[in-house]
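Everything on this sheet refers to the single structure shown next.
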Amino acid sequence: MGCFYSKTTKHTPGYEEPSVLAAETPFTVSEVEALYELFKKISASVNNDGLIHKEEFQLALFQNKDRRNLFADRIFDLFDIKRNGVIEFGEFVRSLSVFHPNAQTAAKITFAFRLYDLRNTGFIEREELKEMVLALLNESELDLSDDVVETIVDKTFRDADVNGDGRIDPEEWKEFVMKNPSLIKNMTLPYLTDITLAFPSFVVRSEVEDSE
Amino acid sequence: TAPLAMNAFELISRSQGLNLSSLFEK
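Chains A and B are the protein sequences, given in the same order. Under our numbering, the first residue of the first sequence carries the number 262, and numbering increases by one thereafter. Under our numbering, the first residue of the second sequence carries the number 25, and numbering increases by one thereafter.
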């Protein structure tokens with residue numbers, strides 16, 4: 262029915278109705294509308310094409326569009342569900358929904374596993390873990406010798422790789438996170454419940470009311 | 025916490041690249 266009604270508001274490519282996204286995620290319709298305001302801001306920061314490119318994502322995270330970071334790359338790749346090099350609005354909302362305080366812990370654990378499974382093999386391997394520790398050291402002021410890094414990685418593997426096959430599988434990861442819940446602390450963003458205050462979007466909200 | 029006492033994932037979770045709260049800063 263909506264096909265006969267021509268809206269004057271122009272949406273970005275890949276726009277999806279807030280009511281649809283709210284039904285699929287822990288977000289309310291108002292929160293999705295506010296996220297659209299944030300999405301528009303980020304996606305217009307370098308190329309105004311209504312899609313978030315990697316440099317726009319880096320700019321939003323680091324205030325520097327050229328700053329590369331292994332973990333930001335991983336987050337971007339996971340948000341880019343269609344794997345076409347850009348983040349569309351629906352992808353942005355569905356991915357951020359994992360970080361909602363009301364999202365299920367299981368979803369956060371799975372997302373973190375995929376994040377750390379750098380080569381998408383279905384396992385976190387020792388080599389990947391060492392690569393991530395070195396990437397973290399590279400961006401921080403911590404200066405640890407290779408021996409210390411090896412010791413930390415070995416100890417972590419002894420604790421997490423319960424069956425001792427040299428890689429952490431999803432079930433081992435889940436058990437490890439249950440014992441160390443701080444590992445997924447960064448998978449919850451309290452900001453997401455305040456987003457309507459930070460990005461009020463009166464225009465879009467009135468549009469939803471009009472259609473009801 | 026002394027780094028040796030930490031597990032590797034705790035260290036990694038400190039990365040700025042994993043701190044998405046920066047997306048919401050104006």
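Cβ coordinates follow ideal geometry from the N, Cα and C atoms, glycine included.
For residue i, verify whether its CB is less than 6 Å away from any heavy atom of the ligand MN.
{"i": "A/V394", "result": "You won't find the ligand MN in this model; it holds no ligand whatsoever."}
Name the DSSP bridge partner or partners of residue i?
{"i": "A/R428", "result": "A/E386"}
{"i": "A/I313", "result": "A/I348"}
In its own chain, which residues sit with a C-beta less than 6 Å from the C-beta of residue i, not counting the 5 before and 5 after it?
{"i": "A/I385", "result": "Y377, D378, I429"}
{"i": "A/E389", "result": "L379"}
{"i": "B/Q40", "result": "none"}
{"i": "A/W434", "result": "F374"}
{"i": "A/A321", "result": "I303"}
Show which residues of chain B have a CB atom less than 9 Å away from the CB atom of residue i.
{"i": "A/N441", "result": "N31, F33, E34"}
{"i": "A/S401", "result": "L35, R38, S39, Q40"}
{"i": "A/K446", "result": "S37"}
Would you mind sorting residue i into buried or exposed? The rule is 16 or more other CB atoms within 10 Å of its CB.
{"i": "A/T382", "result": "exposed"}
{"i": "A/Q319", "result": "buried"}
{"i": "A/A459", "result": "exposed"}
{"i": "A/G346", "result": "exposed"}
{"i": "B/S37", "result": "buried"}
{"i": "A/A333", "result": "buried"}
{"i": "A/D407", "result": "exposed"}
{"i": "A/E349", "result": "buried"}
{"i": "A/N363", "result": "exposed"}
{"i": "A/E473", "result": "Low local confidence applies: a pLDDT of 38 at A/E473 is under 50, so the model's placement there is unreliable, and no value is given."}
{"i": "A/P279", "result": "buried"}
{"i": "A/L403", "result": "exposed"}
{"i": "B/N31", "result": "buried"}
{"i": "A/V359", "result": "buried"}
{"i": "A/A396", "result": "buried"}
If the cut is a Cβ gap below 7 Å, which residues of chain B does residue i touch?
{"i": "A/Y452", "result": "S45, F48"}
{"i": "A/T417", "result": "N31, A32, F33"}
{"i": "A/V394", "result": "A32, L35, I36"}
{"i": "A/D420", "result": "N31"}
Would you mind telling me which residues of chain B sit closer than 8 Å to residue i, beta carbon to beta carbon, in chain order?
{"i": "A/K271", "result": "Result: empty, since nearest Cβ-Cβ is about 23 Å, beyond 8 Å."}
{"i": "A/L322", "result": "Q40, G41, N43, L44, S46, L47"}
{"i": "A/N325", "result": "Per Cβ cutoff of 8 Å: no residues; A/N325 is ~11 Å from chain B at best."}
Pick out whichever of the options has its Cα sitting closest to the Cα of residue i.
{"i": "A/V438", "options": "A/A367, A/T286, A/M393, A/T454", "result": "A/A367"}
{"i": "A/Q365", "options": "A/E294, A/P461, A/P287", "result": "A/P287"}
{"i": "A/L450", "options": "A/L458, A/H361, A/E400", "result": "A/H361"}
{"i": "A/V414", "options": "A/M393, A/T457, A/N399, A/R375", "result": "A/M393"}
{"i": "A/E432", "options": "A/L453, A/K302, A/S291, A/I370", "result": "A/I370"}
{"i": "A/N447", "options": "A/E285, A/E400, A/S304, A/I336", "result": "A/I336"}
{"i": "A/K391", "options": "A/E402, A/I445, A/V409, A/A459", "result": "A/V409"}
{"i": "A/N325", "options": "A/G311, A/S306, A/T417, A/I342", "result": "A/S306"}
{"i": "A/D338", "options": "B/E49, B/L42, B/F33", "result": "B/L42"}
{"i": "A/E400", "options": "A/N330, A/T289, A/N309, A/D420", "result": "A/N330"}
{"i": "B/F33", "options": "A/L453, A/A421, A/T454", "result": "A/A421"}
{"i": "B/L44", "options": "A/K343, A/D310, A/L357", "result": "A/L357"}
{"i": "A/D310", "options": "A/H272, A/T289, A/T454", "result": "A/H272"}
{"i": "A/L444", "options": "A/F372, A/G425, A/V423, A/E411", "result": "A/F372"}
Apart from the five residues just before and just after residue i, which ones in its own chain have a Cβ nearer than 8 Å to its Cβ?
{"i": "A/F353", "result": "L296, F300, I313, F340"}
{"i": "A/I456", "result": "E292, A295, L296, L299"}
{"i": "A/G427", "result": "E386, R387, F418"}
{"i": "A/E316", "result": "V307, K326, D327"}
{"i": "A/F323", "result": "N330, A333"}
{"i": "A/L405", "result": "L398, I413"}
{"i": "A/N441", "result": "none"}
{"i": "A/L453", "result": "F288, E292, L357, F360, H361, P362"}
{"i": "A/C264", "result": "Model confidence at A/C264 stands at a pLDDT of 48, short of 50, so the residue's coordinates are unreliable and nothing is read from them."}
Taking 7 Å as the limit between beta carbons, can you name the residues of its chain near residue i, skipping five residues before and five after?
{"i": "A/G351", "result": "G275, E277, L282"}
{"i": "A/A284", "result": "none"}
{"i": "A/R344", "result": "none"}
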